[in-house]
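The structure appears right after this line, and notes come after that.
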Amino acid sequence: MPCKPEQIRIALVVTAFACVSILSTSSVWAQRGPAVVEVKPIIKRENLAPVQTIVGTVEATRKAVVGSAVDGRIIEMLVREGDRVEQDQPLARLLTETIQREIEAAAAELELKNQVLAELKNGSRPEEIAQAKARLNASRVVADYRNRDRERLTALRSRSATSQSDLEDAVSLALESQQLYAEAQAAHDLAVAGARVERIAQAQAEVAIRQANLLRLQEQRQKHTMYSRFAGYVTVEHTEVGQWVARGEPVAEIIALDEVFVVVKVPETQIPLVNVGNEVQIEVSALPNNVFTGKIAAVIPQADVRSRTFPVKIRLKNSISSAGEPLLKAGMLARVKLPVGESKPALLVGKDALVLGGASPIVWSIDLQSIETSANGMHIADAIAIPVTTGNSEGALIEVMGRLEDGALIVVRGNERIPPSPPGQPPPKVTWQASD
């Protein structure tokens with residue numbers, strides 16, 4: 017159907033208006049001069065692996081339920097929930113009056129046995145040895161007298177000058193005096209030799225028994241105080257002052273947060289790419305201004321049969337304030353960026369360099385051949401719009417793929433002020449500080 021003259025006139029007017037608008041827009045941008053921007057060199061990474069963000073949870077590296085080793089009544093609770101405790105710090109104490117009495121009695125028994133052993137080791141006193149020697153000498157004198165008397169009566173009896181009864185009495189007394197002398201000699205030797213080795217060994221054994229009993233009671237008393245075996249924080253109190261606790265009953269729960277684990281569940285298709293020792297970046301939702309770096313500490317080789325995911329533990333150092341408050345707390349939500357592919361060279365730009373809204377993202381690249389320096393120390397150059405495809409991200413950087421090369425200058429700020437270049441027109445000019 018042929019167009020009416022009125023329709024043709026309207027079309028011509030619209031076309032003319034559009035041309036005037038484009039020319040006027042270009043004129044306005046030209047009047048404003050080059051856009052002031054900030055530029056940065058494109059960043060090249062020799063090895064950039066694709067990453068996937070996986071949600072995980074911050075967990076304590078150690079957790080302990082501290083219980084009582086003995087039965088007793090709580091007389092002192094030394095910590096409260098939320099308190100920081102150091103290694104070997106007391107947590108609670110039980111009543112110790114009864115065990116203290118037993119320790120005192122055991123110590124007295126040990127002292128008694130020690131004195132007995134010392135007496136045996138020291139041997140006889142000099143006075144006792146002198147006494148035994150005197151008795152030995154006295155018995156020798158008596159024995160000599162009795163022997164001479166027997167010899168005299170024997171001679172008299174041979175001449176029938178004495179009776180047989182007197183001779184027999186003399187012989188009996190001589191034999192008795194010899195035995196008394198032998199007894200005195202043995203007593204003197206015993207006094208000089210001291211206690212037998214076996215008797216000393218028995219006394220030493222008795223001392224060892226009493227000493228072991230005392231140590232047992234002292235260890236038993238020490239068990240009346242519960243300690244934390246590592247530095248951490250009290251999360252649960254299970255008892256209170258005045259309460260009776262049985263052996264093995266929990267008193268408090270402690271978690272260690274000087275270092276923490278971030279535990280994530282990794283799908284089985286990606287678990288072969290996760291290696292112990294690899295560094296990964298971690299973001300915590302409650303701490304948006306912090307980015308943490310941790311190392312993969314363990315890959316648990318047991319999957320959840322329902323989700324087919326494997327637990328992976330990432331260890332990282334926690335920050336403890338001067339008041340003892342941990343920055344990362346157990347149970348916080350974390351996002352871990354795990355490598356899920358082979359590393360490859362890549363070009364990165366700041367995420368602010370991307371201009372979105374068109375058919376594809378673009379970045380403004382400086383035409384290095386067109387750079388000029390003005391009198392006021394500003395660089396002026398042409399800006400070329402380069403369509404790109406984005407890839408992996410690394411913090412505030414993102415991988416870009418397009419007609420870009422290492423060494424290119426990219427507009428990272430002020431790109432929204434760069435005017436579009438109409439087809440057939442020269443590229444827009446931009447300016448930036450010479451020090452950039």
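Sequential numbering from 17 applies to the sequence shown in this note's numbering.
Even glycine gets a Cβ: it sits at the ideal position worked out from N, Cα and C.
Distance check for residue 413 and residue 378, CA to CA, integer angstroms please.
Just so you know, the alpha carbons of residue 378 and residue 413 end up roughly 15 Å apart.
Please state whether DSSP places residue 234 in a helix, a strand or coil.
In the structure shown, the three-state DSSP call for residue 234 is helix.
Tell me the start and end of each unbroken beta strand (DSSP E) in the segment 289-357 that is at least 3 residues and wholly inside, in chain order.
List check, beta strand (DSSP E) in window: 295-300, 303-315, 325-333, 349-355.
Bounding residues of the alpha helix (DSSP H) (the contiguous stretch that carries residue 170)
Taken as a continuous stretch (DSSP letters only), the alpha helix (DSSP H) holding residue 170 covers 142-174.
Any idea what DSSP makes of residue 392, helix, strand or coil?
If DSSP states are grouped into helix, strand and coil, residue 392 belongs with coil.
Ordered along the chain, which non-local residues of its own chain (more than five positions away) have a Cβ less than 7 Å from that of residue 40?
Bear in mind that a pLDDT of 44 at residue 40, under 50, signals an unreliable position, so the number given afterwards is only what the model happens to contain. Excluding residues within five positions, none has a Cβ falling inside 7 Å.
For residue 216 versus residue 137, is the C-beta distance shorter than 8 Å?
Taking 8 Å as the cut-off, the beta carbon of residue 216 is found closer than this to the beta carbon of residue 137.
Sequence-distant residues of its chain with Cβ nearer than 7 Å to residue 111 (five each side left out):
In the same chain as residue 111, and ignoring 5 residues on each side of it, the C-beta atoms closer than 7 Å to its own belong to 88, 89, 91, in chain order.
If you compare alpha carbons, which of 166, 214, 158 is closest to residue 197?
Ranked by Cα distance from residue 197, the options 166, 214, 158 are led by 158.
Tell me whether the beta-carbon of residue 166 lies closer than 8 Å to the beta-carbon of residue 186.
Yes, the pair counts as a contact, with Cβ atoms nearer than the cut-off.
Using only CA atoms, which one of 258, 349, 161 lies nearest to residue 193?
When only C-alpha atoms are compared, the closest one is 161.
When the distance is taken between beta carbons, is residue 328 closer than 8 Å to residue 280?
It is a contact, given that the beta carbons lie within the stated cut-off.
Beta-carbon within less than 8 Å of residue 450's beta-carbon, same chain only, minus the 5 sequence neighbours each way: which residues are those?
In chain order, 389, 393, 394, 395 place their CB closer than 8 Å to the CB of residue 450, counting only its own chain and leaving out the 5 sequence neighbours on each side.
Hey, how far is the Cα of residue 256 from the Cα of residue 246?
Their backbone Cα atoms lie some 22 Å apart in a straight line.
Taking the CB atoms as reference points, tell me whether residue 213 and residue 242 lie closer together than 8 Å.
Taking 8 Å as the Cβ cut-off, residue 213 and residue 242 do not qualify as a contacting pair.
Could you tell me the alpha carbon to alpha carbon distance between residue 309 and residue 69, rounded to whole angstroms?
When rounded, the distance between both Cα atoms is 14 Å.
Can you list, in chain order, the residues of its chain whose CB lies under 8 Å from that of residue 237, leaving out five sequence neighbours each side?
The residues 112, 115, 116, 119, in chain order, have a CB closer than 8 Å to that of residue 237 in the same chain once the five nearest residues on each side in sequence are set aside.
Rounded straight-line distance, which links the Cα of residue 184 to that of residue 177
CA-CA distance, residue 177 to residue 184, rounds to 14 Å.
Mind checking whether residue 80 and residue 270 have CB atoms under 8 Å apart?
Yes.
Do you know how far the Cα of residue 316 is from the Cα of residue 233?
The straight-line gap from Cα to Cα measures roughly 44 Å.
Where residue 74 falls, given that 16 or more other Cβ within 10 Å makes a residue buried
Counting of Cβ neighbours within 10 angstroms places residue 74 among the buried residues, the total reaching 16 or more.
Pull up the distance between the alpha-carbon of residue 96 and that of residue 133, whole angstroms please.
Spanning the two alpha carbons is a distance of roughly 50 Å.
Taking the DSSP output, what are the residues bridged to residue 57?
According to DSSP, which records beta bridges pairwise, residue 57 is partnered with 425.
Give the range of the alpha helix (DSSP H) segment to which residue 185 is assigned.
First-last of the alpha helix (DSSP H) with residue 185: 180-209.
Reduced DSSP secondary structure (H/G/I, E/B, other) of residue 84:
Residue 84 falls in the coil class under three-state DSSP.
Which same chain residues, not among the five before or five after residue 47, have their C-beta less than 8 Å away from its C-beta?
Note that residue 47 has pLDDT 49, beneath the 50 cutoff, so the model's placement of it is unreliable and the number below is only indicative. Shown here for residue 47: not one same chain residue has a beta carbon closer than 8 Å to its own, the five before and five after excluded.
Closer than 8 Å is the cut-off here; do at least three beta carbon pairs connect the segment 341-348 with the segment 365-382?
Verdict: no, contact absent.
Residue range of the unbroken alpha helix (DSSP H) whose run includes residue 135:
Unbroken alpha helix (DSSP H) run through residue 135: 113-138.
Is it the case that the Cβ atoms of residue 60 and residue 426 are separated by a distance below 8 Å?
At least 8 Å separates the beta-carbon of residue 60 from that of residue 426.
Would you mind reading off the limits of the beta strand (DSSP E) that contains residue 381?
Here the beta strand (DSSP E) through residue 381 covers 378-382.
Could you tell me the alpha carbon to alpha carbon distance between residue 154 and residue 141, rounded to whole angstroms?
Spanning the two alpha carbons is a distance of roughly 20 Å.
Quick one, which of 375, 423, 274, 429 has its alpha-carbon nearest residue 336's?
Closest by C-alpha distance to residue 336, out of 375, 423, 274, 429, is 274.
What whole-angstrom Cβ distance do residue 364 and residue 415 have, given they're in contact under 8 Å?
The pair is a contact, with the Cβ atoms about 6 Å apart (cut-off 8 Å).
When you compare only the Cα positions, how much space is there between residue 146 and residue 181?
Spanning the two alpha carbons is a distance of roughly 39 Å.
Mind checking whether residue 348 and residue 290 have CB atoms under 8 Å apart?
Not closer than 8 Å, so no.
Does the beta-carbon of residue 226 have 16 or more other beta-carbons within 10 angstroms, so that it is buried, or is it exposed?
By the neighbour-count criterion, in which a residue is buried when 16 or more other Cβ atoms sit within 10 angstroms of its Cβ, residue 226 is buried.
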